[in-house]
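Undergrad: Pasting a structure below so you can have a look.
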Amino acid sequence: MSVLDERLRGTRFVSLAPQRVLNPPSQTGMDFWSLNPYVGCEFGCSYCYARYAHRYVVERAHRAGKLTDAELADYRGPHGWEAFERRIFVKEQILGALETDLRRLPPGQTVVIGTATDPYQPAERRFRITRAVLERLARCEGVSVGIITKSPLVARDVDVLRRLQERNALEVYVSLITVDAGLIRTLEARSPLPAVRLRGLAKLTAAGINAGLIVAPVLPGITDDLPRLEALFRAAREAGARFLHAGPLRLYPAIRERFLPLLEEHFPALAARYRAAYAGSGAAPKGYARALSRRIRRLQARFGFVVNDGMVDRYRSRLPVLQQELPLGGR
Ligand code: SF4
130 MSVLDERLRG TRFVSLAPQR VLNPPSQTGM DFWSLNPYVG CEFGCSYCYA
180 RYAHRYVVER AHRAGKLTDA ELADYRGPHG WEAFERRIFV KEQILGALET
230 DLRRLPPGQT VVIGTATDPY QPAERRFRIT RAVLERLARC EGVSVGIITK
280 SPLVARDVDV LRRLQERNAL EVYVSLITVD AGLIRTLEAR SPLPAVRLRG
330 LAKLTAAGIN AGLIVAPVLP GITDDLPRLE ALFRAAREAG ARFLHAGPLR
380 LYPAIRERFL PLLEEHFPAL AARYRAAYAG SGAAPKGYAR ALSRRIRRLQ
430 ARFGFVVNDG MVDRYRSRLP VLQQELPLGG R
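And the structure:
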């Protein structure tokens, strides 16, 4: 396996040679095609649902004889979940696979970048894979492109986004669950702080990019109170957001392992309530989801956004995201 770089913190970037990069709806259970330039994400959000995709890649590589037992132990990490944040697979030479995949993309489809991992995570500063993908998509016509990110680095690519937007529909979702910086640091290990993300959003909208805010997941009892949500809506308005969508936490099995211990440590009074509320399934209890939806709709109307039920279902997979990035291999 080809190690591309290693950081002081111990994060290692490893080359991944994908045969396919556009995941069809039939594979992911989502209503659109998706693309993730990286597997793993240094931002390390406690509620991240994509850790299983990383585990899948590592275990498949081991079964295929591309990783020794010792490497498997290293790539899984002591607890499993943290390897997702410290062993980042970089889909180098993505353009060849993208070219092939674009030939089988039916006309008028939506492609969302960043459904499983952040396309503007720190690795992008160096590897510029997301930018290369956007450059290619900017040469398409009639594709609907979505981008989801927590990073202001997306504003670096305003030039490409503008070109892309000329002949395609574009929605850039800056992801932020609260404007409370202290809370962000508790819940998201290394993500950009709220003010920095909002500045990124403001740069996009000032440049005429169709960008808004996605508030996902809303965490019951932690970020769903009216004052916190109002502060988010206000900040989004001030940053020129064209839209704001929000949806509740889904507690998939892959999230529980990381998120529930954190909840017990920082919000002990809530832990038992979460365990009970999410006992039957990963979905938020129906009554809670309805109440949250009503609250969000009222806030959307009050702050002048289009009122809708949110885009979370649109951007959440009902099935594990398998990504088809195998075989794992060097250059
Ligand atoms: S930024 Fe997104 S992909 Fe990265 S850890 Fe957070 S939720 Fe997961």
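If you want our numbering, it's the position in the sequence shown, counting the first as 1, plus 129. Beta carbons are placed, not taken as given, at the ideal position from N, Cα and C, and that holds for glycine. Being a predicted model, the structure only gives us computed values, none of them experimental.
(1) Using a threshold of 7 Å, is the CB atom of Q156 nearer than that to any non-hydrogen atom of ligand 1?
(2) When DSSP labels each residue in this structure, what does Y181 get in the three-state scheme?
(3) Buried or exposed for Q148, going by 16 or more other Cβ atoms inside 10 Å?
(4) Considering only residues of the region 234–319, which uninterrupted beta strand (DSSP E) runs meet the minimum length of 3 residues and lie entirely inside it, listed in chain order?
(5) If you measure from the beta carbon of R268 to each beta carbon in chain B, is any gap under 8 Å?
(6) How about S410: is its Cβ closer than 7 Å to a heavy atom in ligand 1?
(7) Closer than 7 Å to a non-hydrogen atom of ligand 1 - does that hold for the CB of T259?
(8) Locate the beta strand (DSSP E) running through R480, then write down its first and last residues.
(9) Does S280 pass the burial test, meaning 16 or more other C-beta atoms within 10 Å, or should it be called exposed?
(10) How would you label G237, buried or exposed, when you count the other beta carbons within 10 angstroms and need 16 or more for buried?
(11) Quick one: using the 10 Å Cβ neighbour count with 16 as the cut-off for buried, is V301 buried or exposed?
(12) What would DSSP say about A340, mapped onto helix, strand or coil?
(13) For L399, which residues in the same chain have their Cβ closer than 8 Å to its Cβ, ignoring the five residues on either side in sequence?
(14) Indicate the three-state DSSP secondary structure (helix, strand or coil) for R371 in the structure shown.
(15) Which ranges does the alpha helix (DSSP H) cover as unbroken runs of at least 4 residues, wholly within the region 353–401, from first to last along the chain?
(16) Return the bridge partner residues of F218 from the DSSP annotation.
(17) Can you determine whether any heavy atom of ligand 1 sits closer than 7 Å to the C-beta of D134, and answer yes or no?
(18) Does DSSP classify V441 as helix, strand or coil?
(19) Can you have a look at L361 and say buried or exposed, based on whether 16 or more other CB atoms are within 10 angstroms of its CB?
(20) For K415 and L266, I'd like the C-alpha separation in whole angstroms.
(21) Quick one: any contact between the region 223–237 and the region 268–283, if contact means 3 or more CB pairs under 8 Å?
(22) Quick check on S155: does DSSP put it in helix, strand or coil?
(23) Output needed for P456: all residues of its chain with C-beta closer than 6 Å, excluding positions within five of it in sequence on either side, in chain order.
(24) Reducing DSSP to helix, strand and coil, say where A406 ends up.
(25) So, with DSSP's three-state summary, where would you put P323?
TA: From the atom records:
(1) Taking the first residue of the sequence shown as position 1, residue 156 is located at position 27. Checking the Cβ of Q156 against ligand 1 gives no.
(2) Position 52 of the sequence shown holds residue 181. Helix, per DSSP.
(3) Translated into positions along the sequence shown, residue 148 becomes position 19. Label assigned to Q148: exposed.
(4) 239–242, 273–278, 298–304
(5) You won't find chain B in this structure, because it holds only one protein chain.
(6) Sequence index remark: in the sequence shown, residue 410 carries index 281 (1-based). Outside the cutoff, so no.
(7) On the sequence shown, residue 259 is found 130 positions in, with the first residue counted as 1. T259: no, Cβ never under 7 Å from ligand 1.
(8) One cannot answer for residue 480 here, as it falls past the ends of the chain, which runs 130 to 460.
(9) As a working note, residue 280 is residue 151 in the sequence shown. Answer is buried; the Cβ neighbour count reaches 16.
(10) By 1-based counting over the sequence shown, the position of residue 237 is 108. Under this definition G237 is an exposed residue.
(11) By 1-based counting over the sequence shown, the position of residue 301 is 172. Classification of V301: buried, given that the 10 Å Cβ count is 16 or more.
(12) Indexing the sequence shown from 1 puts residue 340 at position 211. In this structure, A340 counts as strand in the three-state DSSP scheme.
(13) Taking the sequence shown and counting its residues from 1, one reaches residue 399 at position 270. Cβ neighbours of L399 beyond the five flanking positions: P349, G350, I351, L392.
(14) The residue labelled residue 371 in the question sits at position 242 within the sequence shown. In this structure, R371 counts as coil in the three-state DSSP scheme.
(15) 355–367, 382–395
(16) Within the sequence shown, numbered from 1, the residue matching residue 218 stands at position 89. Beta-bridge pairing links F218 to V143, V168.
(17) Taking the first residue of the sequence shown as position 1, residue 134 is located at position 5. Not so, every heavy atom of ligand 1 lies at least 7 Å from the Cβ.
(18) In the sequence shown, counting from the first residue as 1, residue 441 sits at position 312. Any reading at V441 needs caution, since the residue's pLDDT is 43, under 50, leaving its predicted position unreliable; the model's value is listed next. Coil, per DSSP.
(19) Here residue 361 corresponds to residue number 232 of the sequence shown, with the count starting at 1. L361 comes out buried.
(20) What you label residue 415 is simply residue 286 of the sequence shown in a count that begins at 1. What you label residue 266 is simply residue 137 of the sequence shown in a count that begins at 1. Roughly 38 Å between the two C-alpha positions.
(21) yes
(22) Within the sequence shown, the letter at position 26 stands for residue 155. Residue state, collapsed to three classes: helix.
(23) Residue 456 sits at position 327 when you count from the first residue of the sequence shown. Because the pLDDT at P456 is just 31, under 50, the model does not fix this residue reliably, and the value given afterwards should be weighed accordingly. Excluding sequence neighbours, P456 sits near nothing in its chain.
(24) Here residue 406 corresponds to residue number 277 of the sequence shown, with the count starting at 1. In this structure, A406 counts as helix in the three-state DSSP scheme.
(25) Taking the sequence shown and counting its residues from 1, the one referred to as residue 323 is at position 194. In the structure shown, P323 sits in a helix (DSSP, three-state: H, G or I).
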